[in-house]
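Residue numbers (full-length UniProt numbering): 1 to 279.
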């Protein structure tokens, strides 16, 4: 189904946060939902098959209950429960989807493994992915923050973020960060001329990236920030009060499409707002 939102649903706090975010978006955008639950496990030991069957039955009951509630709200819903590798099944379900929404409980003690699991899902997805962490209360939050580094992927992230900010009636906060090079025995890299040059180059890059955006979204408020430091830290700091944060799946240093760049990877492991990873 074109334009559907895939929700990687689990009967957990993280899963419920993801579903709540996706439900709100589906109502606002008149999109359909595809609820997918993947039950892991195998039948290699005596009695394990019965446990797996019970887990599948419980998952089906939970998914069907949520689907009935959502249909009552007027949302078109499809459901499916699969068995096997969550990364493989969830990523395959994103083919042709508009968006994937997953929850993250990385900060919840035992959630570290699942948090890293989520990173693998994001890296393998074929569509933009929104990861919803613990901080989903929108009270006092404003703005859509997007990281822009001049790469082709960051252009896609900027377009996604601008459309979201315009739809939400929120300002678009465009953040570009340059990192001073640290080379021993080369004091030239620490002088004012070098620092001014890096700032100017990054400002020019950002201006080129933003060219024409105001024509596409004449009512959109655009706030620009060019900073010195480490990109993931700067973006995460601004994400603490944002309604949504958007970054590309990889920047100029990524090796392949199935690998997350270091910036997006670090942001996902330190979520401070719902975060969209765009490829």
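A virtual CB, placed ideally from N, CA and C, is assigned to each residue, including glycine.
Excluding the 5 residues preceding and the 5 following residue i in the sequence, name in chain order all residues of the same chain whose CB lies nearer than 6 Å to its CB.
i	result
residue 232	263, 266 and 267
residue 97	4, 6 and 127
residue 34	4, 6 and 78
residue 89	38 and 82
residue 154	148 and 248
When we look at the beta-carbon of residue i and count the other beta-carbons within 10 Å, is it buried (16 or more) or exposed?
i	result
residue 287	Not covered by the structure: residue 287. The range shown for the chain is 1 to 279.
residue 211	exposed
residue 113	Note that residue 113 scores 48 on pLDDT, short of 50, meaning its location in the model is unreliable and no value can be drawn from it.
residue 99	buried
residue 218	exposed
residue 25	buried
residue 214	exposed
residue 208	exposed
Helix, strand or coil: which one does DSSP assign to residue i?
i	result
residue 8	strand
residue 109	A caution first: residue 109 carries a pLDDT of 43, below 50, which makes its placement in the model unreliable, though a value can still be read off. Three-state DSSP puts residue 109 in a helix.
residue 226	strand
residue 168	helix
residue 97	coil
residue 123	helix
Excluding sequence positions up to five away, which residues of its chain have a Cβ less than 8 Å from the Cβ of residue i?
i	result
residue 156	248, 278 and 279
Could you give the first and the last residue of the continuous alpha helix (DSSP H) run that contains residue i?
i	result
residue 141	Looking at the DSSP string, residue 141 is not in any alpha helix (DSSP H), and its letter there is neither H nor E.
residue 16	13–29
residue 202	192–210
Starting from residue i, trace the beta strand (DSSP E) both ways and give me its first and last residue.
i	result
residue 132	129–132
residue 244	244–248
Within a Cβ cutoff of 7 Å, which residues of the same chain sit near residue i, ignoring the five residues on either side of it in sequence?
i	result
residue 19	7, 9 and 66
residue 226	176, 199, 202, 203 and 206
residue 94	6, 100, 125, 126 and 127
Problem - contact_flag[the segment 119–130, the segment 174–183] where n(CB pairs < 8 Å) is 3 or more - result: no
Exercise for the section: Would you be able to state if there are at least three C-beta pairs under 8 Å between the segment 136–149 and the segment 227–242? Expected result: yes
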